[in-house]
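Going by the UniProt record's numbering, the residue at position 180 of the sequence shown is 180; the numbering climbs one at a time, nothing skipped.
These notes concern the structure reproduced below.
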Amino acid sequence: MKHLLIIGPVPPPIHGESLAIQHVIQSDKVKKSYQISVINTNRKSVTSGGKFSLRKVYHDLHHVFQVWRKTRGHQIDMTYVSISQTKLGLIRDAWMIRIASKRVKKVVAHLHGNNLGHVLDELGPLASSFVRRAIKKIDTGVVLSEALKGNFRNLPKHIAVVQNGIERDYFRNWDLEQANKQRHERHSFTIVYLSNLIKTKGFSDLIQAVIQLAKEHHDVRLLLAGQIYDRGLFEKLMADVKAAHLEQWIRYLGQVTGNRKKRLLLSGDLMALPTRYPIEGQPISIIEGMAAGMPILSTDQGGIPELIHGNGIVLSEVNPQSIASAIKTMMSDRSLCHHYAQVSRSRFLSTYTLDRSLQTLLSVFNNRLGRMTL
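Here it is in structure tokens:
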């Protein structure tokens with residue numbers, strides 16, 4: 001059996017990239033074809049990004065040494081790297097790619113976002129030369145959507161598209177039927193936000209939009225779930241919610257996983273992610289909302305527009321007013337909302353299942369990918 005070395009972040013903490021890597025590691029399809037070794041590059045916080053610290057340097061050097069040790073003696077057939085989108089992380093990855101490229105048959109680098117190109121362009125001359133030469137040694141660079149291909153700056157030998165996905169049977173048909181029945185019967189309108197609470201993810205604009213709608217006497221509710229990173233902003237907004245006596249209408253549920261997350265998704269009428277997160281790729285939370293049969297309200301950030309075709313609204317301008325206007329459009333036309341919901345579920349089943357995603361990735365591993373481009 002061939003030996004696959006996976007390098008990337010694994011939960012905790014939970015975010016889109018770490019979940020995607022976990023799916024690859026746990027995949028029966030992958031395990032049937034490869035013996036897997038893992039180097040976990042995750043850090044405790046996603047907000048510190050590329051900030052310098054001696055502790056990070058120590059951890060990065062340790063990861064580089066692990067690659068050197070694991071690939072020694074050509075014991076690894078292929079290396080699969082979830083490539084970083086910070087300067088320090090990218091320099092670390094460049095070292096690992098250069099080491100692996102000399103010792104393994106194939107290097108695949110997967111980009112789970114939309115910031116690699118910007119980071120490459122911002123590197124100083126010496127670092128840029130070092131990193132770009134390393135990326136040229138990548139056999140296949142993988143992106144989440146067609147719109148994100150340019151991030152690799154045409155440096156790898158091939159570029160492939162592998163879309164995110166979740167389990168096809170993540171929701172039982174009976175649960176979906178019951179959720180749809182409740183959506184038709186209730187008068188209130190429930191919005192679900194399922195992502196880390198970072199300012200650029202748009203949670204603050206969304207809260208302000210719902211406060212505005214509630215003050216206009218719309219029967220609307222907002223349920224937020226995810227880890228809080230911009231705590232000062234969050235606490236200020238929740239104080240505003242309390243001052244407006246809207247605690248029952250705007251609620252923070254903490255981090256939700258497993259059945260709690262499924263129940264949350266099934267309870268919603270609309271999935272909202274008004275993000276301007278600079279490294280947004282193809283949010284798994286939106287795919288989860290599609291699987292639950294919800295319309296989607298999001299933005300033209302990263303690869304998101306490719307997710308939304310006839311199943312929601314894409315905002316090009318993001319502020320509380322534009323978000324509130326889009327929500328009112330959904331609330332006032334329930335037949336349109338129902339149509340968007342049906343298309344969401346259909347697009348999930350046809351394009352964004354985990355089986356499809358992993359099968360496409362395996363095709364990349366095995367050089368049988370029809371969508372690969374030179």
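For glycine and all other residues, C-beta sits at the position ideal for the given N, C-alpha and C.
Applying the 10 Å Cβ sphere with the 16-neighbour rule, what's the burial state of residue i?
{"i": "D219", "result": "exposed"}
{"i": "M330", "result": "buried"}
{"i": "E280", "result": "buried"}
{"i": "L297", "result": "buried"}
{"i": "R186", "result": "exposed"}
{"i": "G124", "result": "exposed"}
{"i": "G8", "result": "buried"}
{"i": "R231", "result": "exposed"}
{"i": "R368", "result": "Only weak support is given to the placement of R368: the predicted model assigns it a pLDDT of 47, under 50, and the value that follows is read from those uncertain coordinates. Looking at its Cβ environment, which holds fewer than 16 other Cβ atoms inside 10 Å, R368 is exposed."}
{"i": "T140", "result": "buried"}
{"i": "T257", "result": "exposed"}
{"i": "M1", "result": "exposed"}
{"i": "H118", "result": "exposed"}
{"i": "N151", "result": "buried"}
{"i": "F65", "result": "exposed"}
{"i": "N196", "result": "buried"}
{"i": "S357", "result": "buried"}
Would you please state the rounded distance, in angstroms, between the beta carbons of residue i and residue j? I believe it to be under 8 Å.
{"i": "D269", "j": "R183", "result": "6 Å"}
{"i": "H112", "j": "Y80", "result": "Actually they do not touch by this definition, with Cβ atoms about 12 Å apart."}
{"i": "V131", "j": "A94", "result": "4 Å"}
{"i": "I191", "j": "A243", "result": "So it is not a contact: roughly 20 Å between Cβ atoms."}
{"i": "L224", "j": "W249", "result": "Incorrect: roughly 12 Å between the Cβ atoms, too far for contact."}
When you compare the CB positions of residue i and residue j, do they come within less than 8 Å of one another, or not?
{"i": "T200", "j": "Y252", "result": "no"}
{"i": "I135", "j": "S82", "result": "no"}
{"i": "A160", "j": "V364", "result": "yes"}
{"i": "P283", "j": "I323", "result": "no"}
{"i": "L246", "j": "A214", "result": "yes"}
{"i": "M194", "j": "Q163", "result": "Note that residue 194 is Leu in the sequence shown here, rather than Met. Contact: no."}
{"i": "G254", "j": "L148", "result": "no"}
{"i": "I97", "j": "I138", "result": "yes"}
{"i": "R55", "j": "H74", "result": "no"}
{"i": "L165", "j": "I25", "result": "According to the sequence displayed, residue 165 carries Gly and not Leu. Going by C-beta atoms, G165 is not nearer than 8 Å to I25."}
Let me check understanding here. Comparing Cα to Cα, which of the options lies closest to residue i?
{"i": "K32", "options": "L4, V10, L19", "result": "L4"}
{"i": "R172", "options": "G293, T86, V142, A94", "result": "G293"}
{"i": "S18", "options": "S84, G302, R92", "result": "S84"}
{"i": "S285", "options": "Q178, L90, E167, Q321", "result": "E167"}
{"i": "N115", "options": "G89, K102, L223", "result": "G89"}
{"i": "G310", "options": "M290, V57, L222", "result": "M290"}
{"i": "D205", "options": "L315, K105, R69, H217", "result": "L315"}
{"i": "R92", "options": "L126, L266, T41, V104", "result": "T41"}
{"i": "L336", "options": "I313, T351, L349, N319", "result": "I313"}
{"i": "V343", "options": "R356, D355, I308", "result": "I308"}
{"i": "T360", "options": "V10, Y58, K29", "result": "K29"}
{"i": "T71", "options": "Y58, K87, H59, I39", "result": "I39"}
For the ligand HEM, is there a heavy atom less than 7 Å away from the beta-carbon of residue i?
{"i": "A225", "result": "Although the ligand HEM was asked about, the structure shown includes no ligands whatsoever."}
Determine, using beta carbons only, whether residue i comes closer than 8 Å to chain B.
{"i": "R186", "result": "Absent from the structure: chain B. Only one protein chain is present."}
At which residue ranges does the stretch 64-104 contain complete alpha helix (DSSP H) runs of 4 or more residues, listed in the order of the chain? Taking only runs of at least 4 residues, the alpha helix (DSSP H) segments lying wholly in the stretch 64-104 are 87-103.
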